[in-house]
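FYI, in the numbering used here the residues of the sequence shown are 5 to 683.
Every residue gets a Cβ at the ideal spot worked out from N, C-alpha and C, and that includes glycine.
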Amino acid sequence: MVRYSWWKQALAAALIFAIVCALAPAMVLWGARNVIPALLPIVAAAALLLLPGMALLELLWFGPLAPAERWVLAVGVSCSAIPLLLLGSSLVGLRWGAALAWALLALCAGVVAWGWWRRRGHARAGLALSPSHVALLGITALALLLRLYVSRDLPVAMFGDSYHHTIITQLLIDHGGLFSSWQPYAPLKTFTYHYGFHSLAAFLSMLGGIPATASVIAVGQVESALAAPMVYLLTRRLLRHEGAALFGALLTVFVSTMPAYYVNWGRYTQLGGQTELVAIMVAWMWLVDATLDQPQLGWGQRVRLVALAALTTAGIVVTHYRIAVFAVCFVPLYVCYALSAAWLHERGAGYTWRAWLARLLPLVWAGAAACAAVVLATLPWLIRLREGALLRIGGYYLSTAVSADAGVGDAFGLYLAPWLAALAAAGLGLCLWRRQWRALLLAGWLVLTWLAANPYLLHLPGTGLITSFTVLIGLYLFLMPLAGAALAYGAELALGLLRVRAPLLRAGLPALLGVALIGWGLPWQQQILAPQNQLVFPADMQAMDWIRQEIPADAQIFVNSFPSYGGGVYTGSDGGWWITFLAGRTTNVQPAPYGTEAGERPDFQFWVQGVNETIMAHSLEQPEAVQALKRAGFSYLYDGPGNTSPGGAEYIRPDVVDGLPDLYEKVYAKGGVTIWRIR
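Next up, the structure:
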């Protein structure tokens, strides 16, 4: 067994901690002040993300799995299992609450403890942390602190998607599981929106005793930080190089703009899907490799292979429909690679094509069984999808021929720094130079996924089912492993050219490079919030308290809105959008999924559109606007300090409305929030 000098690791950790304190003292102090008050949510989040997955791995995984890989894979498996658990419990009417959720985690902890006791000799050896494992834990811990520090002052999550993410989370809490009616937040009667991220946020709220508004931000930011170990696991499994995996993880959370920038869009559901995606890829790679390389496997082991692949795949089906396409693009590619490698190997060993086909048949059966299990596990959800409009909209996109700019030029800007793209290209070149052909899997995966987003490039119909934007903001998954390989292999080349032989010096150069990258990225990553994307400010939260106390419960408030999603859905542009959720008063805007869900009235989407268009056809200076507002039942106007409307042109402008005292009476003005009563 390899023994590592613990005091050297402790000294290195202390040195890095001192550097972080020097670079970001406010962040470190904030973390130190808040760790005790937030201890219950921290423990709850760790247990929720680790224990279900670790328990399932104890039951399903056989064969070697490094400790640094096990806990990372467990996170992805947990994220897949929780939404499937909600789906299954909905079939038997089981309602989840804090006590039942803690009981589940206690059961998972028991399974993990049983597994460790069963292999107690190996388990003790696994507790010895290698230097690379310590580095991964340090990168992850620092990333968690950074992401949570960035979002520390947000009253609610940012931008438009966050509104319905929070409502869905709250409804999952209120119903103890899946629901159909969106009341009291919207007059909708179906729920077909992917809910994997929301299930984690709901469970964290139950377990940690925090409101849905806080749990949405917390889970989203934690998953943003977990992109580091996920890229580590992906790189380690594909490129089989520890240094490349560590550099890939570091680049993802401290150097790349994505996924850190997701906080500005509330793009947390995609992040949730990408957290599960790596687990799916690892599970399918394991199934393919074990089936091809170990023909002596028993039926029990084959069932476990299929079960893990099916579980993770089913999880992403209900977590993010578009990221599921990422997985669909990777798995067949890896199957082709593995079959080609097996064919070349067996040809060299003198095997006949009949022997190769005999190896192929078990893989075909395993893949078919896994796919059938995915369909069976998600069948209740697939049936539910017929209730809304998602299938109809998806069918339209698949059958529509579109020829448009695929947006390649957009990649080199906010989504990806040009030098990072060049570094990834260099990494691919170095991998091929070293005959690491598996690196081509990343390049091929990117090409296939891009074609899935832009099928017109192959003269095929279909667009919008997975968008170029979805791929562009997920580029870090494809490119950071290659960029990490460039740094790791580049450092090895430099050490070889300099003829450095001392182990301490050989480890020191990559470590110094890593610290330098953290030192460069840490300061600007703390400033990544884009205030122009914030809808709700502290002043809005104060106004919500006033609304609950001073405005009648049956009053309707007209807020700023604009047409989005091609003009068919009206969304809010400031904190007024959140009034229904935060203050319990009806407004003229709904959560965005009203465009894909069924309303309590059949024409609900068109009715909402008609109300907004009829009123906004007149400027507020005109008496016709007042008449239209009253006919629609509105008695108040609301304007907040946020402004996300296109071009910044909002319908309700305080400088205009304040000059019309005969039409509108100002009843509240504080911190950039103004409320008027319609006379």
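Item to check | Segment limits, alpha helix (DSSP H) that includes residue 576 | outcome: Careful: residue 576 lies outside any alpha helix (DSSP H), inside the beta strand (DSSP E) at 573-576.
Next on the checklist: On a Cα-Cα basis, can you pick out the residue from 482, 192, 543 that is closest to residue 605?
Outcome noted: 192
Checklist entry - Does the segment 175-188 come close enough to the segment 243-260 that 3 or more CB-CB pairs lie under 8 Å? => result no
Next on the checklist: For the segment 204-218 against the segment 96-113, do three or more pairs of beta-carbon atoms, one drawn from each stretch, fall closer than 8 Å, so that the two count as touching?
Outcome noted: yes
Item to check | Closest Cα partner of residue 418 within the set 379, 372, 477 | outcome: 477
Checklist entry - Within 10 angstroms of its Cβ, does residue 677 collect 16 or more other Cβ (buried), or is it exposed? => result buried
Item to check | Inside the segment 411-471 only - alpha helix (DSSP H) runs reaching at least 4 residues | outcome: 422-437, 443-457
Checklist entry - Per DSSP, what kind of secondary structure is residue 556 in: helix, strand or coil? => result coil
Item to check | Exposed unless 16 or more other CB atoms sit within 10 angstroms - verdict on residue 137 | outcome: buried
Item to check | Close Cβ partners of residue 628 (< 6 Å) along its chain, the five nearest in sequence each way excluded | outcome: 622
Checklist entry - Where does residue 193 sit, in a helix, a strand or coil, going by DSSP? => result coil
Checklist entry - Residues in its own chain within less than 7 Å of residue 172 by CB, not counting five upstream and five downstream? => result 197, 199, 202
Next on the checklist: Considering only their Cβ atoms, is the gap separating residue 341 from residue 434 smaller than 8 Å?
Outcome noted: no
Checklist entry - For residue 165, does the count of other Cβ atoms within 10 angstroms reach 16, so buried, or fall short, so exposed? => result buried
Checklist entry - How is residue 163 classed by DSSP in three states: helix, strand or coil? => result coil
Next on the checklist: Per the DSSP calculation, residue 603 is bridged to which residue(s)?
Outcome noted: 192
Checklist entry - Mapping DSSP to helix, strand and coil, what is residue 199? => result coil
Checklist entry - What do you get for residue 47, buried or exposed, if any count of 16 or more other CB atoms within 10 angstroms of its CB means buried? => result exposed
Next on the checklist: Assuming contact is defined by CB atoms lying nearer than 8 Å, are residue 274 and residue 481 in contact in what I supplied?
Outcome noted: no
Next on the checklist: Between which two residues does the alpha helix (DSSP H) holding residue 678 run?
Outcome noted: Per DSSP, residue 678 belongs to no alpha helix (DSSP H); it is in the beta strand (DSSP E), 677-682.
Checklist entry - Going by the beta-carbon positions, is the gap between residue 285 and residue 334 smaller than 8 Å? => result yes
Checklist entry - To which residues does DSSP link residue 669 through a beta bridge? => result 681
Next on the checklist: Quick test of your reading: residue 253 and residue 380, contact by CB under 8 Å. State the CB separation rounded to the nearest angstrom.
Outcome noted: Between residue 380 and residue 253 the Cβ distance is about 35 Å, and since that is not below 8 Å, they are no contact.
Checklist entry - So residue 448 packs on residue 84, CB below 8 Å; how close in whole Å? => result That belief does not hold up - the Cβ atoms of residue 448 and residue 84 are roughly 24 Å apart, past 8 Å.
Checklist entry - Anyone know if the C-beta pair for residue 580 and residue 591 falls short of 8 Å? => result yes
Item to check | Range of the contiguous alpha helix (DSSP H) that encloses residue 659 | outcome: 658-661
Checklist entry - Would you report the Cα separation of residue 60 and residue 81, rounded to the nearest angstrom? => result 8 Å
Checklist entry - With a CB to CB cut of under 7 Å and the five nearest residues on each side skipped, what residues in its chain are close to residue 373? => result 310
Item to check | Exposure of residue 399, with buried meaning 16 or more beta-carbon neighbours within 10 Å | outcome: Interpretation of residue 399 is limited by its pLDDT of 49, a score under 50 that renders its predicted location unreliable; the figure taken from the coordinates is listed afterwards. Result: exposed.
Next on the checklist: Looking at the secondary structure, which residues open and close the alpha helix (DSSP H) in which residue 135 lies?
Outcome noted: 135-154
Checklist entry - What residue range is occupied by the uninterrupted alpha helix (DSSP H) comprising residue 687? => result Outside the modelled stretch of the chain, which goes from 5 to 683, sits residue 687, for which no answer is possible.
Checklist entry - Using DSSP with H/G/I as helix, E/B as strand and the rest coil, what is residue 84? => result helix
Item to check | With 16 other Cβ atoms within 10 Å as the buried cut-off, status of residue 169 | outcome: buried
Next on the checklist: Please report the distance separating the alpha-carbon of residue 98 from that of residue 205.
Outcome noted: 18 Å
Item to check | residue 463 classed as buried or exposed, judged by whether at least 16 other C-beta atoms fall within 10 angstroms | outcome: exposed
Item to check | Whole-angstrom C-beta distance between residue 472 and residue 457, which should lie under 8 Å | outcome: 5 Å
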